[in-house]
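Numbering (our numbering), first residue to last: 23 to 507. A quick write-up on the structure given underneath.
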């Protein structure tokens, strides 16, 4: 056990002494209550809050402080004390930077902040060939001014850069600075700065999904805050364009993928279930023709992602009283028809005869076929010998035989789990290998590991493995909820 410098939140609230023992103080252990830990508290504004004060909220989210025990060899007591003082000074510096405006430009401190598409952070944030659109917007927002929302985004981008370089101390330092800046921004920000705060919260969320040493709840905390901000500034039946639409679409994409992942996450808790069931924020109104346009940073259309969310909502476990009931089958058949006849078109600004447009159209079609396969197997309950499933798989592999890579992890995961023949599996591995070379960061490497793992599970059993069990086992083996983005 180690000791921290501050009292746990239970002892602070009761204004009593705390022995500061990590991970749980002895006061809480002896009294049989849950220790709230020593992490930072984040509070998010609720709709209608004018002052946005943290004191207005009874509930707070706690971010655990990550720390590793130091190992000293042939060291004196002065060496130990010096090491501890040096470690604490990093966080003191972060706090000072957020209290007053920075004296130097962060661009001089972090050489990896760049709007070029080869930036590793750009590849983490979006797998689109035009990923510089989203990353360029985030960098512009981060350097728009020296306000706290901009500063939060700036530190979060730096944290992702250092995380990619395996510079853990620098990454944690910038992550903590981003959290402090975001927390302070929530207290004082204006409505016009909500987009910047949403961007900063999303960046911190992505940082947590890629940090496998952290709690599986941390990303949900930041994403929940992002959605609260989004719900405050968007209206359900409005249509948004430009930068606002790009940020909202980016959030919706993560929301849809998390909804799928949490559905098959065996260790899910009520907070995660609640998050997955919240209202989705879309940039286009329900009947807008723009919903069928392929969005480059998503890989498919908004209509397809919205249909996928509805499919996930109607995937019931075997034994569920409503599964395959008349009303359930009616809804599933309706979704199947809508997926079958969905046409995803290119934006008018991009010539349809270019290689880039062809690739984007094929990936969008893979998304549609993967959603159909998932619906047929999981919602409709058809066996692996189903003619509908075979037809969708044949169409999917016709596309996979034409393309060299696919930057989207989710379609490859769904199609990969239904691959049965040696020819299909061989081609799937070739596409996965090429895709990982293009996008070595993020979820693609995880999918490349999970798909062969699923094949092993299937081949070791004499009878076909029940699809619910397969999904739960493969996704549930990860320590942190996979995001498939």
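Just so you know, even glycine gets a beta-carbon here, dropped at the ideal spot from N, CA and C.
Distances from the alpha-carbon of residue 369 to those of 254, 323, 289 and 394 put 323 closest. In this structure, 207 is the residue among 207, 312, 332 and 191 with its C-alpha nearest to the C-alpha of residue 251. Between the stretch 450-457 and the stretch 405-418, the count of C-beta pairs closer than 8 Å stays below three; the two stretches do not touch.
Around residue 50, the same chain offers 32 and 57 as residues with beta carbons nearer than 6 Å, after the five sequence neighbours per side are excluded.
If you draw a 10 Å sphere on the C-beta of residue 224, you find 16 or more other C-beta atoms in it, and that means buried. Of the residues 459, 434, 460 and 461, the one whose Cα lies closest to the Cα of residue 449 is 434. Residue ranges of uninterrupted alpha helix (DSSP H) with 4 or more members, entirely inside the stretch 163-224 and ordered along the chain, are 170-186 and 190-210.
Closest in C-alpha terms to residue 458, from the list 437, 257 and 145, comes 145. Contact check between the stretch 285-293 and the stretch 324-332: fewer than three CB pairs, one atom from each, fall below 8 Å, which does not count as touching. Rounded to whole angstroms, residue 348 and residue 398 show a C-alpha spacing of 16 Å. Between residue 472 and residue 436, the C-beta gap is not smaller than 8 Å, which leaves the two residues out of contact. Judged by DSSP secondary structure, residue 445 falls within the alpha helix (DSSP H) whose first and last residues are 444-460. Residue 367 is bridged by DSSP to 315. The beta carbon of residue 365 is closer than 7 Å to those of 314 in its chain, skipping five residues each way along the sequence. Looking at the backbone, the Cα of residue 409 and that of residue 353 are separated by about 20 Å.
Scanning the stretch 359-441 for uninterrupted alpha helix (DSSP H) segments of 4 residues or longer gives 377-396, 409-422 and 431-439, listed from N- to C-terminal end. Between residue 174 and residue 193, the gap from beta carbon to beta carbon reaches 8 Å or more. Our two residues, residue 304 and residue 249, have alpha carbons roughly 11 Å apart in a direct line. With a 10 Å radius around the Cβ and a threshold of 16 neighbouring Cβ atoms, residue 180 comes out buried.
Beta-bridge partners assigned by DSSP to residue 323: 316. For residue 38 and residue 55, the gap between their C-alpha atoms comes out near 15 Å.
Three or more Cβ pairs closer than 8 Å define a contact, and the stretch 374-391 meets that threshold against the stretch 421-431. In terms of Cα proximity to residue 261, the closest of 218, 309 and 246 is 309. A distance of 8 Å or more separates the beta carbons of residue 221 and residue 316. In the three-state reduction of the DSSP assignment, residue 267 falls in the helix class, which pools H, G and I.
In this structure, residue 464 lies near residue 232, with their beta-carbon atoms less than 8 Å apart.
Per DSSP, reduced to three states, the secondary structure at residue 474 is helical.
Assigned with DSSP and collapsed to three states, residue 507 falls in coil, not helix or strand. For residue 493, the uninterrupted alpha helix (DSSP H) segment begins and ends at 489-498. Between residue 275 and residue 503, the CB-CB gap reaches or exceeds 8 Å. Under the 10 Å beta carbon count, residue 420 is surrounded by fewer than 16 other beta carbons and is classified as exposed. Using a 10 angstroms sphere on the CB of residue 389, the tally of other CB atoms reaches 16 or more, which defines it as buried. Counting the other CB atoms within 10 Å of its CB gives residue 438 a total of 16 or more, which places it among the buried residues. When DSSP states are grouped into helix, strand and coil, residue 463 belongs to the coil group. In the three-state reduction of the DSSP assignment, residue 260 falls in the coil class, being assigned neither a helical nor a strand state. Contact annotation: residue 393 and residue 329 have beta-carbon atoms nearer than 8 Å.
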